[in-house]
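In terms of my numbering, the sequence shown opens at residue 126 and continues consecutively. All C-beta atoms in this analysis are idealised placements derived from N, C-alpha and C, irrespective of residue type, glycine included.
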Amino acid sequence: MKDESQLKRALSRSSKMPETVTSMDLPGKQQEINVHWETHVSHQLTLFVPPFLVTFGVIGNIMSLIVMQTKNFRSSPASIVMSSLAMCDSALLIVGLLGGMWISALLGFDVRATSSAACKIFKFLIVTFSYVSPELIMVMTVERLISTWAPFQAKRLCSKSRMKMAVFSITLFIVAVSSTLLFVADVREWTQNGSLTKFCVAADGIKGLEAFYARVWTWIDFALASLFPSLVIIIANPLIIRQLMKSKTAMRQPQRSQMGLTLTLLSISVAFVLLTSPSCLAMITYLDSY
């Protein structure tokens, strides 16, 4: 009887002890909580951050356009490329960030998936603007490289007419590449827990070739948006800086407007490489999985 009463007291004390619940005890519940927290933070960021980015980005691009039309910069061929870059970046902010991401978060559904036509147009415009922008930075880098290393030949090699032709040719090429999305992008529906969700995705129109197209397009995206512009910038910028240092040592100071354009280009190109490097590395990791 004594042992039985001691056992009952021990069980009573153990039942009053607080239980410690860990992720190992309830892995499904813990994962659900983590997903809910991450989804909530992502939604809040998507809801409040894009308006500020679009506002400051568009205002900055408008100021850049105004500066490029002043007397000191209007005669420079690089002003054509920089003006085109400012307009392209503003269009990307408005269409991609504000029109696609922010409005979708505000309304609670993907506006790009409201119809097949909306999906195709959104995909085409976003991809076009996002590819033209880095290619224009690459053109500016080449133009500054020629201007610093061969200033006497730069007026002939990088004239305003040739810069206009370069911008037009790049835009035409990117439009031709992006136009494939007008045929393969479409709205796809998923049913989960009894609820229907629509998404705007690419490669939905190619029956049986979705994986192949996705793999090919991933390589195209990697090359045009990151690889080629980054390689040109990484190679050309040290050469530009070296030539500027040599000119300063030789007491051959370049014109103030040309120096300003060169420094602006260096800032843009360095920021481009730093900000696109994470996605570039992620893309390489993704491609290694194939």
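Threonine 305 - DSSP class collapsed to helix/strand/coil: Taking the first residue of the sequence shown as 1, we reach residue 305 at position 180. The answer is coil: DSSP assigns threonine 305 none of H, G, I, E or B.
Based on the DSSP output, what are the partners of lysine 323 in its beta bridges? Your numbering for residue 323 matches position 198 in the sequence shown. In the DSSP output, where bridge partners are listed per residue, lysine 323 has Glu314.
If you draw a straight line from the alpha carbon of threonine 316 to that of serine 284, how long is it in whole angstroms? Numbered from 1 along the sequence shown, position 191 holds the residue referred to as residue 316. Numbered from 1 along the sequence shown, position 159 holds the residue referred to as residue 284. So the alpha carbons of these two residues sit roughly 57 Å apart.
Among Ser320, Leu321, Leu170 and Arg269, whose alpha-carbon lies nearest the alpha-carbon of alanine 390? As a first step, residue 390 is located in the sequence shown; it is residue number 265 there, counting from the start. The question names alanine, but residue 390 is leucine in the sequence shown. Minimum Cα distance to leucine 390 is reached at Arg269.
Can you tell me whether DSSP reads proline 202 as helix, strand or coil? The count along the sequence shown starts at 1 and reaches residue 202 at position 77. Proline 202: coil per DSSP, three-state reduction.
State the Cα-Cα distance for the pair serine 201 and isoleucine 358, rounded to the nearest angstrom. Taking the first residue of the sequence shown as position 1, residue 201 is located at position 76. Taking the first residue of the sequence shown as position 1, residue 358 is located at position 233. The alpha-carbon atoms of serine 201 and isoleucine 358 are separated by roughly 20 Å.
If we ignore side chains and look at the alpha-carbon of each, how far apart do leucine 400 and asparagine 197 end up? Residue mapping note: residue 400 aligns to position 275 of the sequence shown, counting from 1. Residue mapping note: residue 197 aligns to position 72 of the sequence shown, counting from 1. Cα to Cα, the separation comes out at about 30 Å.
Compare the beta carbon distance of cysteine 325 and alanine 230 with 7 Å and say whether it is the shorter of the two. As a working mapping, residue 325 is identified with position 200 in the sequence shown. As a working mapping, residue 230 is identified with position 105 in the sequence shown. Not a contact, by the Cβ cut-off of 7 Å.
Cβ-Cβ separation, threonine 305 to serine 394 (assumed contact under 8 Å), whole Å: If you number the sequence shown from 1, residue 394 lands on position 269. If you number the sequence shown from 1, residue 305 lands on position 180. Not a contact, Cβ separation roughly 29 Å.
Give the secondary structure of glycine 225 by DSSP, where H, G and I count as helix, E and B as strand, and everything else as coil. Translated into the one-based positions of the sequence shown, residue 225 becomes position 100. In the structure shown, glycine 225 sits in a helix (DSSP, three-state: H, G or I).
Of the listed residues Glu260, Phe254, Trp227 and Leu250, nearest to aspartate 214 (C-alpha basis): For the purposes of this step, residue 214 is identified with residue 89 of the sequence shown, where counting begins at 1. Answer by Cα proximity: Phe254.
Tell me the rounded alpha-carbon separation between valine 236 and arginine 367. Reading the sequence shown from its first residue, position 111 is the one you call residue 236. Reading the sequence shown from its first residue, position 242 is the one you call residue 367. Going from the Cα of valine 236 to the Cα of arginine 367 covers about 49 Å.
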